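Residue numbers (this note's numbering), protein chains in the order written: chain E, 1 to 160; chain D, 161 to 320; chain U, 321 to 480; chain C, 481 to 640; chain B, 641 to 800; chain X, 801 to 960. All C-beta atoms in this analysis are idealised placements derived from N, C-alpha and C, irrespective of residue type, glycine included. Here the structure is a predicted model, which is why all the values come from computation and not from measurement. Inspection log for the structure reproduced underneath, given as structure tokens.
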């Protein structure tokens with residue numbers, strides 16, 4: 001574990017993303033709410049939020065941190081052939097929350113798979129990656145290959 | 161949660177895989193044991209094993225199950241541009257362990273990212289997916305696009 | 321902890337219930353999906369399911385058990401002045417799942433409170449109690465004061 | 481999860497209560513220390529304290545917070561027909577600890593039930609509710625229907 | 641993790657012990673119930689029982705197992721200069737519970753230390769070790785240097 | 801739980817130690833990396849770090865705290881007849897981290913035992929104790945009987 005003793009707490013945020021590739025019929029089942037296991041988007045978003053809070057238990061060298069915000073949003077995208085999962089996490093602390101954002105996106109993606117696996121066992125979780133981070137001594141970072149408009153928070157959905 | 165009351169316990173196994181794409185220099189740092197945070201392969205394999213045991217806490221509709229085997233193996237592959245993570249999980253129970261195998265691979269991959277992120281923030285976790293499962297009423301399944309020789313367990317490494 | 325060594329595993333089920341008393345406007349906000357924190361029924365049902373799986377961690381003398389079914393259903397009842405939460409849990413094991421059913425109902429009820437507390441701080445969780453249990457040496461038990469028709473599982477909702 | 485980024489940490493406290501209704505003989509067994517499972521009051525108070533620390537794991541949208549105080553006190557009250565459980569929780573943080581106090585009271589109540597259920601299966605957990613909170617932007621709140629003298633901390637018991 | 645797939649479940653038990661060495665006055669404070677933090681023996685016994693249930697989360701290569709019995713007993717022994725902690729754990733499973741017994745004793749001992757550290761910071765946890773195990777292919781084992789009469793379960797205390 | 805409301809956060813550190821006594825051949829197996837279960841030192845150090853983060857879940861009256869550093873180092877010492885485990889933990893908080901350091905050392909020691917128990921069932925965990933603490937109102941404390949040179953952090957190993 002990196003020793004962060006004596007580092008002052010600062011506001012930090014990190015955003016991560018994953019794609020779950022699904023068969024077209026599976027996307028329809030999700031959008032139409034016809035899956036036997038229930039409301040995939042709500043359940044997976046919530047699982048992602050809860051997963052973020054378990055990061056320090058799962059990742060051996062992560063610092064346990066209070067979190068001031070966790071937001072997970074899952075958007076069906078037929079063009080991308082699946083669901084886009086975006087997780088945004090914030091803290092006021094001595095170290096960053098990149099792992100929390102990635103863990104949130106990962107647990108949300110695994111939950112999607114669990115809920116569709118009886119009808120789409122071949123679904124794949126792709127491209128789990130950090131999109132951006134801010135705060136801390138190393139400052140802001142944005143993944144070079146992300147178009148600007150993707151960085152905006154989707155509107156019109158309830159925050160969770 | 162699917163009601164599995166009355167289903168007899170049977171032996172089941174599932175194998176999942178993920179790839180962590182890394183910069184070539186990062187692969188060298190890992191292989192040469194020169195990363196400040198320590199022995200990436202051993203730590204991430206162990207985190208994956210521990211992660212498998214937390215699956216039912218993370219994935220809302222997973223059944224808590226006793227596990228009879230969890231094996232996580234991480235192999236540097238310069239040709240694939242990163243690390244290949246393979247997780248194999250077994251139980252004797254009324255339902256399968258696909259989610260446990262996927263969770264193990266996912267937590268191992270996240271741990272790799274955590275240990276390299278100071279030198280390779282752009283690393284990506286790609287293609288987390290089920291490779292095969294056996295046991296249970298639905299029987300054996302193998303992902304169609306996996307060449308046969310990939311299905312073999314690597315030799316000459318300590319099991320964990 | 322009661323020593324259950326040598327007791328044969330048998331199929332067991334327990335059903336518990338709680339009522340969350342809410343202001344009439346709060347019930348409307350929930351039913352109409354207008355609460356800022358999101359879909360109360362789905363989130364609370366899911367939290368109840370996950371809570372059932374943590375029972376042995378929370379209750380000191382509970383045995384850790386594999387669970388074969390957890391179902392939590394929350395029904396708005398204007399006549400009862402709130403939400404009715406019903407949790408049904410099953411296992412095949414040497415001891416019963418009364419505590420798992422009660423814990424599921426309790427965590428679901430607490431989650432409801434968390435999601436409405438900004439608009440209805442005075443909400444009360446009332447009458448958390450076991451309704452019935454079956455299986456095991458002591459056999460079936462039904463709470464005397466529960467009318468028969470309440471024992472039926474609600475229809476037409478997705479199972480979770 | 482409500483975004484509390486940028487909110488300054490302030491001292492906060494919340495007090496919650498539950499009643500466990502028991503048969504008169506069960507109260508006697510508890511008071512006289514004659515229950516086979518042991519010292520109900522001490523065990524349940526301890527379980528309540530530990531439960532408070534798990535709140536953010538159980539309640540999906542709760543923020544993980546450091547806690548500066550958790551006190552759970554259980555008082556047999558023959559007049560009320562059972563045990564009165566009171567939980568008081570404090571933090572210095574950007575959000576309140578109402579859910580922690582309610583979770584502590586809830587887990588303590590469930591633990592009482594677990595320890596008496598072999599002799600009093602019909603016991604009921606009633607009236608789990610917030611009594612008061614202080615600190616934070618919304619300031620102090622006291623449940624209107626609680627007589628003033630109930631707000632005092634019981635004396636003469638060890639704090640836990 | 642050792643692969644125990646296909647091994648039949650059998651009844652198994654393990655007994656472990658630890659000694660907490662304390663100043664004579666500390667032993668008196670515990671026996672007389674005069675410590676500010678409360679009833680050390682009851683709280684530490686209960687923490688040990690709960691700790692046994694967390695073994696597979698703490699010890700990387702331990703199998704998650706259902707437990708059929710956990711008993712922790714703490715006995716003040718002025719002659720030994722402290723407290724003797726004995727933990728006995730049973731399962732019906734494919735592998736043994738030595739680690740569960742040792743973890744129970746260890747968590748109970750740490751809890752004792754936590755409750756006395758303000759008055760006896762120099763207390764030492766000594767000689768945490770397995771006393772005996774039974775069941776499984778390797779059969780029964782008893783530590784050679786334990787006198788026979790120590791193997792008996794203490795009488796006259798409530799089981800927990 | 802001791803009420804630490806209103807106490808200002810200060811930097812604190814605690815160091816604890818344990819010895820695992822092993823047969824000489826077991827020490828050789830560990831040092832030569834010939835144990836079937838893998839790299840004992842790395843796995844046990846990692847388990848100790850993760851164990852420190854679970855302290856407040858295991859020890860009933862411990863406060864949950866953010867941790868700014870956890871370092872566990874295990875050194876084979878043939879002269880001492882085993883492995884020396886040293887854990888150092890830091891926080892910036894209102895209370896100390898003695899229990900976190902002791903828990904880290906304890907979990908690391910238990911993990912060592914788990915990995916050697918098939919070849920050395922009689923191994924003993926001895927002398928788990930606090931070596932020193934600093935910070936907080938009570939200030940610095942060093943165990944009287946520890947020679948000064950033992951207090952130095954070992955050099956030339958990767959920090960973890």
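- Listed along chain X, the residues sitting closer than 9 angstroms to residue 529 of chain C by beta-carbon distance are 801, 860, 861.
- DSSP places residue 294 of chain D within a strand segment (E or B) once states are collapsed to three.
- With contacts defined by Cβ atoms closer than 7 angstroms, residue 369 of chain U and residue 392 of chain U form a contacting pair.
- The stretch 914-929 of chain X makes no contact with the stretch 31-43 of chain E; the number of CB pairs closer than 8 angstroms stays below 3.
- In the DSSP secondary-structure assignment, residue 942 of chain X is bridged to X:932.
- With contacts defined by Cβ atoms closer than 7 angstroms, residue 404 of chain U and residue 339 of chain U form a contacting pair.
- Listed in chain order, the beta strand (DSSP E) elements of length 3 or more contained wholly in the stretch 727-762 of chain B amount to none.
- Fewer than three Cβ pairs drawn from the stretch 494-510 of chain C and the stretch 648-666 of chain B lie within less than 8 angstroms of each other, which leaves the two stretches out of contact.
- In this structure, the straight-line span from the alpha carbon of residue 580 of chain C to that of residue 533 of chain C is close to 7 angstroms.
- Residue B:772 holds the alpha-carbon nearest to the alpha-carbon of residue 785 of chain B among B:772, B:753, B:733.
- Here DSSP, grouped into helix, strand and coil, assigns residue 402 of chain U to strand.
- Between residue 855 of chain X and residue 699 of chain B, the gap from beta carbon to beta carbon reaches 7 angstroms or more.
- Under the DSSP assignment, residue 72 of chain E falls in the beta strand (DSSP E) whose first and last residues are 69-77.
- Ranked by Cα distance from residue 716 of chain B, the options B:672, B:650, B:644 are led by B:672.
- Think of a sphere of 8 angstroms around the beta carbon of residue 821 of chain X: no beta carbon from chain D falls inside it, the nearest being about 24 angstroms out.
- Its Cα nearest to that of residue 866 of chain X, the residue E:5 stands out among E:140, E:5, E:135.
- Under the 10 Å beta carbon count, residue 748 of chain B is surrounded by 16 or more other beta carbons and is classified as buried.
- Residue pairing by DSSP places residue 831 of chain X in no beta bridge whatsoever.
- Residue 501 of chain C is bridged by DSSP to C:562, C:604.
- The criterion of a C-beta distance shorter than 7 angstroms is satisfied by residue 732 of chain B and residue 649 of chain B.
- Chain-ordered, the chain E residues with CB closer than 9 angstroms to the CB of residue 362 of chain U read 38, 39, 42, 43, 46.
- Under the three-state reduction of DSSP, residue 363 of chain U is assigned to helix.
- According to the DSSP secondary-structure assignment, residue 812 of chain X is paired through a beta bridge with X:891.
- Taking residue 710 of chain B as reference, the option from B:744, B:758, B:735 with the minimal CA-CA separation is B:744.
- When the Cα atoms are used, residue 578 of chain C and residue 802 of chain X turn out to be separated by approximately 19 angstroms.
- The residues 817, 873, in chain order, have a CB closer than 6 angstroms to that of residue 886 of chain X in the same chain once the five nearest residues on each side in sequence are set aside.
- For residue 805 of chain X, a Cβ of chain C is located within less than 7 angstroms of the residue's own Cβ.
- D:277 is the residue among D:277, D:223, D:294, D:255 whose C-alpha sits nearest the C-alpha of residue 143 of chain E.
- Per the coordinates, the alpha-carbon of residue 102 of chain E lies some 52 angstroms from the alpha-carbon of residue 720 of chain B.
- Across the structure, residue 894 of chain X and residue 495 of chain C are spaced so that their CA atoms are roughly 22 angstroms apart.
- Closest by C-alpha distance to residue 296 of chain D, out of D:242, D:290, D:250, D:217, is D:250.
- In this structure, residue 88 of chain E sits away from residue 266 of chain D, with a CB-CB distance that is not shorter than 7 angstroms.
- By the beta-carbon neighbour count (other beta carbons within 10 angstroms, threshold 16), residue 718 of chain B is exposed.
- About 29 angstroms separates the Cβ atoms of residue 562 of chain C and residue 492 of chain C, ruling out a contact at the 8 angstroms cut-off.
- Note on residue 929 of chain X: 16 or more other CB atoms within 10 angstroms of its CB, so buried under the neighbour-count rule.
- Interface flag for residue 865 of chain X against chain C is set, since a Cβ pair is found closer than 7 angstroms.
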